[in-house]
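So for the sequence shown, UniProt numbering puts the first residue at 1; every next one is plus one.
Following: one structure in structure tokens, then a few remarks.
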Amino acid sequence: MPSLLSSAIAHPARNQHLLLLQSSVAQTCLPVLRDVVQRSMERAREKTILFCLLYPPLSFLDKASRAQTDRLLVVDRTTYVPGYSDGLDFNDDVASFLRSAIMDSIQSSSLNIVIDSVDTLLSDINSVSATTRILSELLSIVRTRGGTSRLIIHVLAPCPLLPILTQTRFSPSLTHLIAHPTALLTHIASAYLTLPPPLSPPEKFWGVFIPISERHYESEKLVYGSAGEGSGLQDFVVEILVRGGADATGRRRGVERELEGWSPALGGPCEVRELDSLKSLCSEKPATEMQIVPDPTQNLPFNLNLTQEQAKSRAQVPLPYAHEGKPPVQASMPAAILYDPDSADDLDDDDPDEDLDI
Numbered sequence: 001m002p003s004l005l006s007s008a009i010a011h012p013a014r015n016q017h018l019l020l021l022q023s024s025v026a027q028t029c030l031p032v033l034r035d036v037v038q039r040s041m042e043r044a045r046e047k048t049i050l051f052c053l054l055y056p057p058l059s060f061l062d063k064a065s066r067a068q069t070d071r072l073l074v075v076d077r078t079t080y081v082p083g084y085s086d087g088l089d090f091n092d093d094v095a096s097f098l099r100s101a102i103m104d105s106i107q108s109s110s111l112n113i114v115i116d117s118v119d120t121l122l123s124d125i126n127s128v129s130a131t132t133r134i135l136s137e138l139l140s141i142v143r144t145r146g147g148t149s150r151l152i153i154h155v156l157a158p159c160p161l162l163p164i165l166t167q168t169r170f171s172p173s174l175t176h177l178i179a180h181p182t183a184l185l186t187h188i189a190s191a192y193l194t195l196p197p198p199l200s201p202p203e204k205f206w207g208v209f210i211p212i213s214e215r216h217y218e219s220e221k222l223v224y225g226s227a228g229e230g231s232g233l234q235d236f237v238v239e240i241l242v243r244g245g246a247d248a249t250g251r252r253r254g255v256e257r258e259l260e261g262w263s264p265a266l267g268g269p270c271e272v273r274e275l276d277s278l279k280s281l282c283s284e285k286p287a288t289e290m291q292i293v294p295d296p297t298q299n300l301p302f303n304l305n306l307t308q309e310q311a312k313s314r315a316q317v318p319l320p321y322a323h324e325g326k327p328p329v330q331a332s333m334p335a336a337i338l339y340d341p342d343s344a345d346d347l348d349d350d351d352p353d354e355d356l357d358i
């Protein structure tokens, strides 16, 4: 059975029309986005429109892929500067390329619109409401195409558009991929003694992981701090959130959340424990090793252990219990204090202060 991450990249579900990929300053999601674009072009009878606003087209496609003009339309706006560059605005670009895509792909069953990235688009338009309206129109166009058509959005968090795009009002169904540095899992394991599932209960792990991961400055400190290793295209973890839609059997989905790894050396998606930087963290100790308890009597100059004869003799010594042989106190009986008087105790009932004139 394919994982959630593999399904989101290579096998999109029907009626799951919104794919949101989230990067941060601490960890980029560019390798996942590149794989999404490549896989969308490999599927037959699909058209892909790629709007490049942050990364150039060569970051996603090689020359052979760009030559497939029958499946791909690319608009490169990485050199566009509002107020200084000549050319159409984004609304005109969208309308022009959508008309071209619809006319050229009448026989296509699906249409993929990729935007990299919406925070750059927001910076160009300088209006949250206008940017949201454009994205909502694009999502409506994708829904009308049906099938596995998707609006694929890349966002760099924190971004004012992110809370809007994740609301059910914008889209009831959502596939949300969030990239996190592996240093975040190492920090949670050392500071909060919480390992990723299945080494820890999912409820406990997500209760600790989600609040910390949403504080982006902590991840930035772990990566770029004095003990950080910096960021790049090395191994990282991906938080996958799937809401709504239907699975392979046609059953309605609720909300699913998983954590998977991404390794360039392994070719993409993998389990968290397969990442080189987390192998020591996720390795489970054998049960026999965990049950071994160190002996506190080792390396002592004297012997604290008893031989069999000494233990037998010790067991035969009568214990000087004062109340031995008496029935135990029942739970229903009132509590009482049993006291054996000492030889020096004065237990007369006379008042010790009777000679005082009070």
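All C-beta atoms, glycine included, are put in the ideal place defined by N, C-alpha and C.
If you check the CB distance, V118 and I152 do not come in under 7 angstroms. DSSP places H187 in the uninterrupted alpha helix (DSSP H) bounded by 182–191.
In this structure, DSSP gives P202 a helical state, which the three-state scheme calls helix.
A distance of 7 angstroms or more separates the beta carbons of D124 and C52.
In this chain, R273 is not harboured by any alpha helix (DSSP H), its DSSP state being neither H nor E. Taking the C-beta atoms as reference points, L20 is found nearer than 7 angstroms to L165. When rounded, the separation of the alpha-carbon atoms in S40 and V272 is 25 angstroms. The distance from the Cβ of S6 to that of L30 is about 18 angstroms, inconsistent with a contact at the 8 angstroms cut-off. In the three-state reduction of the DSSP assignment, F236 falls in the strand class. Exclusion of the five residues before and after T148 leaves P12, R14, S110 as the residues of its chain whose Cβ lies within less than 7 angstroms of its Cβ. With fewer than 16 other Cβ atoms inside 10 Å of its own Cβ, K312 counts as exposed. Where R215 is concerned, there is no enclosing beta strand (DSSP E), because DSSP gives it neither an H nor an E.
In the three-state reduction of the DSSP assignment, G228 falls in the coil class, being assigned neither a helical nor a strand state.
For Q308, there is no enclosing beta strand (DSSP E); the residue is part of the alpha helix (DSSP H) that begins and ends at 308–315. Here D340 carries a coil assignment [DSSP, helix/strand/coil]. Beyond the five residues adjoining it in sequence on each side, R257 comes within less than 6 angstroms, by CB distance, of L241 in the same chain, given in chain order. At least 7 angstroms separates the beta-carbon of H187 from that of S213. With respect to the 7 angstroms criterion, L33 and T48 are not classified as neighbours on the basis of their beta carbons. The criterion of a C-beta distance shorter than 7 angstroms is not satisfied by L275 and G254. Counted as a single uninterrupted DSSP element, the alpha helix (DSSP H) harbouring L138 occupies residues 128–145. By the 16-neighbour rule on beta-carbons within 10 angstroms, L338 is exposed.
Secondary structure remark: continuous alpha helix (DSSP H) runs of at least 4 residues inside the segment 2–50, in chain order: 4–10, 30–42.
The C-beta of Q16 has 16 or more other C-beta atoms within 10 Å across all chains shown, which makes the residue buried. From the listed residues A8, S343, A336, the smallest Cα separation to L174 is found for A8.
Ranked by how close their Cα comes to the Cα of Y80, the residues L61, Y55, D62 have Y55 in first place. DSSP, reduced to helix, strand and coil, places D76 within a strand of the structure shown. Ranked by Cα distance from G225, the options Q316, L184, V142, G244 are led by L184. Q27 is positioned such that its CB atom lies no closer than 7 angstroms to that of F302. Around the Cβ of P160, a 10 Å sphere holds fewer than 16 other Cβ atoms; the residue is exposed. Counting along the chain, S123 sits inside the alpha helix (DSSP H) bounded by residues 118–125. As DSSP reads the structure, G261 sits in a beta bridge with V237, C270.
In the structure shown, the three-state DSSP call for C282 is helix. When only Cα atoms are considered, E220 and N126 end up about 26 angstroms apart. Look at L177 here: in three-state DSSP terms it is strand.
Beta-carbon to beta-carbon, S24 and H176 are separated by about 14 angstroms, too far to satisfy the 8 angstroms threshold. About 6 angstroms separates the beta carbon of L281 from that of A189, a gap short enough to meet the 8 angstroms contact definition.
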